[in-house]
Structure formats: structure tokens, C-alpha cells
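K.L.:
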Amino acid sequence: MIGDTPHRWSTLILDVANLHELGNVAAIVEMHRHIFMRLFIIFLCNRHEQDIINGDTTGAPTWNRPIGAGPGLSGSGNATPFQTVNVTITQPLSFSAETTVAGFDTYLHLYQTGFDPNAQLTNLVAGDDDGGAGFLSLINAASDGPFTPGQYIVVVSGFSNGSFGTYTLEINGAILGFTGSLLDELEATAGTLARLTTRQSFGNTRSGAQNSFATRDLQSPLGFGGNAEGAPVVSSKNGPLMGSLYVWGEFSGFRADHKGSKSPRQFLSTGLQVGADVALDDNFVAGLSAGYNDLEERSTNIETEGDFFYVQPYLGYRRGAWSAEASLMYGEADYDQISIGGKGTADSDVWAIGLSVARDLEMSNSITLTPMASARYGEEDITGKSGTLAGAGSTTVDFSEYSVGARWTRTTQNGVNYIGLHADYVDSSAPQALAGGGFDPEGLSGRVEFGGGVRVTANSDLSMGFQIGGIGSDLPDYAAQVRYGMNF
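FYI, the UniProt record's numbering numbers position 180 of the sequence shown as 180, with every residue one higher than the one before it.
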């Protein structure tokens, strides 16, 4: 492709020279399009990835390096310091690894898929001493290929045991890092963000349904959102539903912190969700909500940002002291992942289903105790699109969360206030052994919530609340939300 570039340029020049022979405007326009396409093809053919790595092998681990591509091992370099650089070859015909600057006599080796300094010949595909300028080293497709796209390890070391120091390594035709490990990182990040986001959104629809009942009945609303169980109404007596449409909106946000042994992680999100429902009869309301969340994950080596849009139909039930809600969600997310190797993009499809149930126990005219339980399950299909995630393929992460607990609610003349205690169990298929350190958000944890609501008018309510979750786990989280609802 690159070798025939001069021919492409000469053909292009001939095309321009023949412009005077074209006798009409249409032909001239077609020739301009033809020239543009040739320029674009030349650009693509000459485009390649290039990265510069500055390193220092002083004090690095040592190995007995192979002589070239083996099978012999060096006698003068039997304990020479080395460093490794992980790359993913994306353009095998233009791949090269070269030490361009160094204060010592360098030696390069290239391994495919894996590298063990004690098994020097395993996976070894190329080795070079002085293929570059002077005592510098060069491995490229022309001299050492052919290569195939995939994961490789470049080993930088010296000719002899005393050959070590600073160096500059230039990589062409490859992406720094393993795209597989980057996809694992994104899978763990996206799965965690999806689980925390669906916890809030499902709690919001639960509260939307129960607040709808409360507002229609002219009862004080307890609903608040931000947790899966939501809130039942104060009274266990059913009244006639009033009004035909209940509309609500909620602004919410969360933060979760993971203190890993190698790389702490922080998950952040803010979002807006709106919904509306209608009464089917005295016991059922059916609604539809939609939302947007701004997503972010920060760690020492990788940062991820995303946009998540979703729709969520829901069905609310209330009869006597019992209440329940079922909901489905479908959403799409776009992610930008920034790592030491550059920027990669991916997108995903998310679907989830949730069910919650609660029962009111009247302790007095103003106090209600409400045991509740909920379950949620979801899946996210993630596909690498461009940059460092190009060619990374697709993966699916599933997540589930089960909760049991109770909420204590006190009714006042102006509204309600509450506090709740819950136990949550989290399960996920996301990878835990990551390049950035172990990450395990699974298992049993506790959650505390508190907040309150006031009736603004006879048919509208305003509520706020906070919660602390993941207590006792590796991923504690904090959330807050503000809700406003109105019946028409």
C-alpha cells in the first residue's frame, strides 16, 4: 500500500494535466471529486500510529537475553537489565520498534501474546542488536516480519550486563497497551456505572408510581427515589384516584470510591429523569420515564467519560397495605476512554428489569414502618469502536442487585420525614483482575437512607433525600436527589 505511493502521485498529476481536455462543467466537477478521492486514499495509505516512550533500565530486573531471535542465549548479556512495553499491533505492514536515543548499546526483542524472562525463547518472534543508527536497535516488518495484528511485548535491554540507562523508544503501527486489557477495564467501569445508575432510575420509577397514588388520593407523599424500594403511602386505606396524569422529574447524582491496592477508582454521575403515568384503575398506574446520565470514572492510569440515554416503562400497584412496582429499561451509552496509550471510544446497549414490593405497618397515626424488598438484573453489551479500543471486539457484562430492608416514616402537618436501613447483595460478571489493580464490588453491604418531602400544593409535592450505600464493601457510594411531582 505504501510502496506504490509515488505511482499514485504521478497518476494524480496526470489527472490534473488532463483537465483542459474536459469540455463541460459536469466533467470538471467529476474530476475534482476524482482528485479528492485520490488524496483521501493517499492519506489513508500513509496514516500510521506512532508513540514515543522514554524509559530507564537503571536498576531494572535482569535476564539472560537471547541472541537475536534465538535459539542461543547471550554470554555477555546473561544478567542485563530490561524493561517491557506492551503494544497491540494494528498495522502489521508498517509496524516498527526502534531505539532512537540511548546512552548505552541497546538490544530489542519482540514477543507475541506473552513474555517470561525465565523462558526467553517462548513466544519470541524477533530480536535485534544494531539494526538502527550506530549501537541502536530496530525491529520492523520489512526485516523481521511478517507480523499479524494482536498483542505483543517489546523488551528493551542492553548488549552486555553493563549496558543500561535512559533510552527513547519509537513505536509505529501499534497502540500502546493491550486492547484486551483496556476492554476489561471498560467492562468493569461500564458495568459498575450501569448498576449504580439503574439502582437510582428504578428507585425513581418506584417512587413515581407510589407518589402518584398518594397525590391522587390527596395523601401525604413519601416517595422520594434514589433507592430501589421507594416509599409506600402513609395510609393503608385506598381512596378514589383523582386526576388523570401524574408528572414528575428528578435530578440526582452519586459518587462511589474504590480504594484498590494499586489504583484507586472513583465513579461519578449526575442525571435527570422525568416520567408520567396514568391511572388504570384504583390499584394500578402505568407510566413511562426517560433519562440522561453524565458518567465518569477516574483512576491513576485510565479515565473514562460517558453519556447514557434511556427509556423506562413502569407499572405501579397498590392495594391496602401492599404496594409493588415492576419496570423495564433500555438505554444506550457512548464512552471515551483515555489511557497512557491514547484515546479509545466504545458504545454499549443496556437493558434491565426490576421488581419491588413493600408493606405498610401502621405503628400509630403518624408513624409507619415499611418492610420492603427488591431485585434488579441487567446486561450491557459493549463494543470497541476506535482509537485504542479499535479491534478490541465486543463483550457483555451482567449485573444484579438484591435488597431487603425497612423504612421508618413520620408524618407531620407539613409533610413527612424518614430513615431506612437496607442490606444489598451485588453480583457481576465484570472482570476483577485488572491491569490497574484488583476490583471487586460484589458481595453483601449495608445502606442507610434519610430524607423528607412536603406538599407544595394540593396536587404537587417536593422531596429530597440522601443515602450512603456499599457500607462494609470495597465500593462505598453516596447519593443525593431532588424530586418534584404534579398531578393534572
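A virtual CB, placed ideally from N, CA and C, is assigned to each residue, including glycine.
Between which two residues does the beta strand (DSSP E) carrying S299 extend?
P.N.:
In the sequence shown, residue 299 corresponds to position 299, counting from 1. Here the beta strand (DSSP E) through S299 covers 284-299.
K.L.:
Tell me which residue opens and which closes the alpha helix (DSSP H) that D144 is part of.
P.N.:
Numbered from 1 along the sequence shown, position 144 holds the residue referred to as residue 144. Counting along the chain, the alpha helix (DSSP H) containing D144 begins and ends at 141-144.
K.L.:
Closer than 6 Å by C-beta to E250: which residues in its own chain qualify, once you throw out the five before and the five after it? Chain order, please.
P.N.:
Within the sequence shown, the letter at position 250 stands for residue 250. If we look at E250 and ignore the five residues flanking it on each side, its Cβ neighbours are N204, G225, Q273, Q481, R483.
K.L.:
Around the Cβ of N293, are there at least 16 other Cβ atoms within 10 angstroms (buried) or fewer (exposed)?
P.N.:
Looking up residue 293 in the sequence shown gives position 293. N293 is buried by the Cβ-count criterion.
K.L.:
By DSSP, does L196 sit in helix, in strand, or in coil?
P.N.:
In the sequence shown, residue 196 corresponds to position 196, counting from 1. L196: helix per DSSP, three-state reduction.
K.L.:
Beta-carbon separation of L136 and E185 under 8 Å?
P.N.:
Position 136 of the sequence shown, counted from the first residue, corresponds to residue 136. Position 185 of the sequence shown, counted from the first residue, corresponds to residue 185. No; because the gap between Cβ atoms is not below 8 Å, this pair is not in contact.
K.L.:
Counting pairs of Cβ atoms below 8 Å between the segment 388-397 and the segment 406-420, do you hit three or more?
P.N.:
Verdict: no, contact absent.
K.L.:
Check for me: the beta strand (DSSP E) holding I67 runs from which residue to which?
P.N.:
Taking the sequence shown and counting its residues from 1, the one referred to as residue 67 is at position 67. I67 -> no beta strand (DSSP E), and no H or E assigned at all.
K.L.:
CB I67 to CB Y152, shorter than 8 Å?
P.N.:
Residue 67 sits at position 67 when you count from the first residue of the sequence shown. Residue 152 sits at position 152 when you count from the first residue of the sequence shown. No, Cβ-Cβ distance for I67 and Y152 is not below 8 Å.
K.L.:
Given a threshold of 16 other Cβ atoms within 10 Å of its Cβ, counted over all protein chains shown, does N54 qualify as buried or as exposed?
P.N.:
The residue you call residue 54 lines up with position 54 of the sequence shown. Per the 10 Å Cβ criterion, exposed.
K.L.:
Distance, Cα to Cα, T80 vs G132?
P.N.:
Looking up residue 80 in the sequence shown gives position 80. Looking up residue 132 in the sequence shown gives position 132. Cα to Cα, T80 sits roughly 20 Å from G132.
K.L.:
Count the other C-beta atoms from every protein chain shown that fall within 10 angstroms of the C-beta of Q50, then say buried if there are 16 or more, exposed otherwise.
P.N.:
One-based indexing of the sequence shown puts residue 50 at position 50. Classification of Q50: exposed, given that the 10 Å Cβ count is below 16.
K.L.:
Counting only the same chain and skipping the five closest in sequence on each side, list residues whose C-beta sits under 7 Å from that of G331.
P.N.:
To locate residue 331, count along the sequence shown from 1; it is residue 331. F308, F309, Y310, V350, listed in sequence order.
K.L.:
Which class does A392 belong to by DSSP, given the choice of helix, strand or coil?
P.N.:
Residue mapping note: residue 392 aligns to position 392 of the sequence shown, counting from 1. Of the three classes helix, strand and coil, the one that applies to A392 here is coil, per DSSP.
K.L.:
Smallest Cα separation from F115: which of T84, Y107, G134, T388?
P.N.:
Taking the sequence shown and counting its residues from 1, the one referred to as residue 115 is at position 115. Nearest of T84, Y107, G134, T388 to F115, Cα basis: T84.
K.L.:
What residues in its chain sit with their C-beta under 7 Å from that of S143, if we drop five residues either side in the sequence?
P.N.:
Locating residue 143 in the sequence shown gives position 143, counting from the first residue. Closer than 7 Å at Cβ, skipping near neighbours: G131.
K.L.:
Within 10 Å of its beta-carbon, does I367 have 16 or more other beta-carbons around it, so buried, or fewer, so exposed?
P.N.:
Numbered from its first residue, the sequence shown carries residue 367 at position 367. The residue in question, I367, is exposed, as its Cβ has fewer than 16 Cβ neighbours within 10 Å.
K.L.:
Go ahead and pull the three-state DSSP assignment for T148.
P.N.:
In the sequence shown, the residue the question calls residue 148 occupies position 148. Reduced to three states, the DSSP call for T148 is coil.
K.L.:
So does Q312 have its beta carbon nearer than 7 Å to some heavy atom of the ligand GDP?
P.N.:
No copy of the ligand GDP occurs in the structure displayed, which carries no ligand at all.
K.L.:
If you draw a straight line from the alpha carbon of L108 to that of A333, how long is it in whole angstroms?
P.N.:
Looking up residue 108 in the sequence shown gives position 108. Looking up residue 333 in the sequence shown gives position 333. Computed Cα separation, rounded: 41 Å.
K.L.:
Enumerate in chain order the residues of its own chain whose CB-to-CB distance from S403 is below 6 Å, with the five nearest sequence positions on each side excluded.
P.N.:
Taking the first residue of the sequence shown as position 1, residue 403 is located at position 403. Once the five neighbours on either side are set aside, the close Cβ partners of S403 are A228, S374, H422, D424.
K.L.:
Using the Cα positions of residue 513 and N86, report the straight-line distance between them to the nearest angstrom.
P.N.:
Because the chain here runs from 1 to 488, residue 513 falls outside it and cannot be looked at.
K.L.:
With a CB to CB cut of under 6 Å and the five nearest residues on each side skipped, what residues in its chain are close to M464?
P.N.:
Residue numbering aside, residue 464 sits at position 464 when the sequence shown is read from its first letter. Once the five neighbours on either side are set aside, the close Cβ partners of M464 are G451, V482.
K.L.:
Check the DSSP bridge columns for residue 501 and list the partner residues they point to.
P.N.:
Here the chain covers residues 1 to 488 and nothing more, so residue 501 does not appear.
K.L.:
From the DSSP output, read off the bridge partner residues of P371.
P.N.:
What you label residue 371 is simply residue 371 of the sequence shown in a count that begins at 1. According to DSSP, P371 bridges with A406.
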